[in-house]
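Chains as they are written, first to last, in our numbering: chain C, 230 to 455; chain D, 68 to 339. Here the structure is laid out as structure tokens; the discussion comes afterwards.
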């Protein structure tokens, strides 16, 4: 009986550990695409906030800048958005962290709190951006055993997703698109240095592939008026 | 098909008219930075191909237009719609599917190694496409054949062409679709993204003089600077709902090609 009790205790502990977050994540590592209102495609100029990174047990060096670079390249080159960078300031970082924290607990249809919305709208307006993009990373380095227990616990409650993103309308500060993934190549035991460049790129592709392409500039009204 | 040689008077008139037009309509590289164009980034591996424009002097009227879309292979385009009294010339060049494959292989082997070309053959064993389920393949091929890009593009251009006003001979705008189909974005695997790709050429001639010849490139790794990224999805996503996503992607691509064409030709009379 003792091994069974131990296994049950481990399962319960893993389930409780996973209960601490409200982040909605796909159970099987594939993309989940929650609600989008008017779509992200018309938001051609996207302001990309600094990546929010909660290392947890993963001490991967340069994780945030590597994610940031991969995401910006993919969203720009394969989704067609013009990328705008915000000023490097404490206010921008606070906004990114605030939105990431809100997003982890938010359900479909929720709106960010009014103070966050007004900060977001002001930032987008000052930068001349149509929308704001957030990328939140919280990788799991529990090892294969830990991940197995977390997966078992996922039967009871949803585990946290290592990568989550959200796009907000720059005029109203409302959420228009979000996605969360468990990158397939991050499931195996990773080296201390973190995912390889290829694994990083594949993870970003998984995260952003379901995103609508930007409405092409040649089809925009301004282009037609020329 | 050959036409009789022009008379000396007609030839002189044509040369004079062409000279005037060439003085007013300069084929120039696009000036400034078009909306949406991202400057070359060393981190990006995508090649951006500059585009040219056919400019018009403000004092000269825009040229009336005759539109033609040529496809290397494809179904009959049907009769021309003259309900708006537009001057539309329809030209078709029918070539075998094998010719497409040969031309593509010679042009850019890495890009087209896994390409499914319109009207062409699907070669699973040679391209790694055997990874995809047969039912997806069937839906994809059927959709590519049903939603005919050349005829969609021709319709989009006809809609944008200004009605002929009897102001002399039209500029002949011809888009030749060298290839159209699906190509892998990076790797070939069951869950890897494949993209709708088009490699076309835009030519404009007037009175027998070629005024502009420029590529229209919407391929994964080589694109015109005014081209958006190609529409990509997995084979399964493109095939779902009877190919709805692929259908929409092809229709969008036709609109994009038409817009790229009209934006490059301010010297020609368009309605939008």
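All C-beta atoms in this analysis are idealised placements derived from N, C-alpha and C, irrespective of residue type, glycine included.
Check	Outcome
Contact the region 287 to 302 of chain D vs the region 228 to 242 of chain D: 3+ CB pairs below 8 Å	no
CA-to-CA distance, residue 206 of chain D to residue 444 of chain C, given in whole angstroms	26 Å
Residues in the region 432 to 444 of chain C having any Cβ partner in chain D nearer than 8 Å	434, 438, 442 and 443
Three-way DSSP call (helix, strand, coil) for residue 408 of chain C in this model	strand
The region 283 to 297 of chain C contacting the region 418 to 436 of chain C, beta-carbon criterion three pairs below 8 Å	yes
CB contact flag (residue 363 of chain C, residue 337 of chain C, <9 Å)	no
From D/203, D/118, D/227 and D/210, residue whose alpha carbon lies closest to that of residue 448 of chain C	D/227
Residue of C/416, C/361, C/407 and C/319 minimising C-alpha distance to residue 349 of chain C	C/361
Closest residue to residue 415 of chain C among C/435, C/441 and C/399 (Cα-Cα distance)	C/435
Cβ shell of residue 284 of chain C (< 6 Å), same chain only, five flanking positions each side left out	none
Nearest residue (CA-CA) to residue 344 of chain C, options C/405, C/327, C/353 and C/409	C/327
Candidates C/273, C/366 and C/400, of which the one nearest residue 433 of chain C by Cα	C/366
Contact set between residue 260 of chain D and chain C, taken where Cβ atoms lie within less than 7 Å	438
Top-ranked residue by Cα proximity to residue 320 of chain D, from D/112, D/298 and D/213	D/298
9 Å Cβ cut-off: residues of chain C touching residue 323 of chain D	445, 447 and 448
One or two residues paired with residue 337 of chain D in a DSSP bridge	D/228
Where residue 276 of chain D falls: helix, strand or coil (DSSP)	strand
Whether residue 323 of chain D touches residue 244 of chain D by CB criterion (9 Å)	no
8 Å Cβ cut-off: residues of chain C touching residue 370 of chain D	Limits of chain D in this structure are 68 at one end and 339 at the other, which puts residue 370 of chain D out of reach.
Rounded straight-line distance, which links the Cα of residue 211 of chain D to that of residue 312 of chain D	12 Å
Span separating the alpha-carbon of residue 303 of chain C from that of residue 250 of chain D	18 Å
Reference residue 408 of chain C; option with closest CA among C/429, C/323, C/431 and C/437	C/437
Three-state class that DSSP yields for residue 127 of chain D in the structure shown	coil
Helix, strand or coil at residue 294 of chain C [DSSP, three-state]	helix
Within chain C, partners of residue 226 of chain D - CB distance below 8 Å	In chain order: nothing, as chain C lies at least about 12 Å away.
Pair within 9 Å by beta-carbon distance, residue 327 of chain D and residue 257 of chain D	no
Neighbour list for residue 306 of chain C in chain D, Cβ cutoff strictly below 7 Å	111, 113 and 296
For residue 316 of chain C and residue 128 of chain D, the rounded distance between their alpha carbons	47 Å
Min CB distance residue 289 of chain D to chain C below 9 Å	no
Where residue 229 of chain D meets chain C, residues with beta-carbon distance less than 7 Å	Here the premise fails: no neighbours, minimum Cβ distance about 14 Å.
Amino acids of chain C, ordered along the chain, whose beta-carbon sits closer than 7 Å to that of residue 327 of chain D	447
Within 9 Å, strictly: CB atoms of residue 321 of chain C and residue 352 of chain C	yes
Whole-angstrom C-beta distance between residue 325 of chain C and residue 278 of chain C, which should lie under 8 Å	4 Å
CB-CB length for residue 118 of chain D against residue 309 of chain D, believed under 8 Å	The Cβ separation is near 35 Å, so there is no contact.
Which of helix, strand or coil DSSP assigns to residue 320 of chain C	helix
Residue 248 of chain D classed as buried or exposed, judged by whether at least 16 other C-beta atoms fall within 10 angstroms	buried
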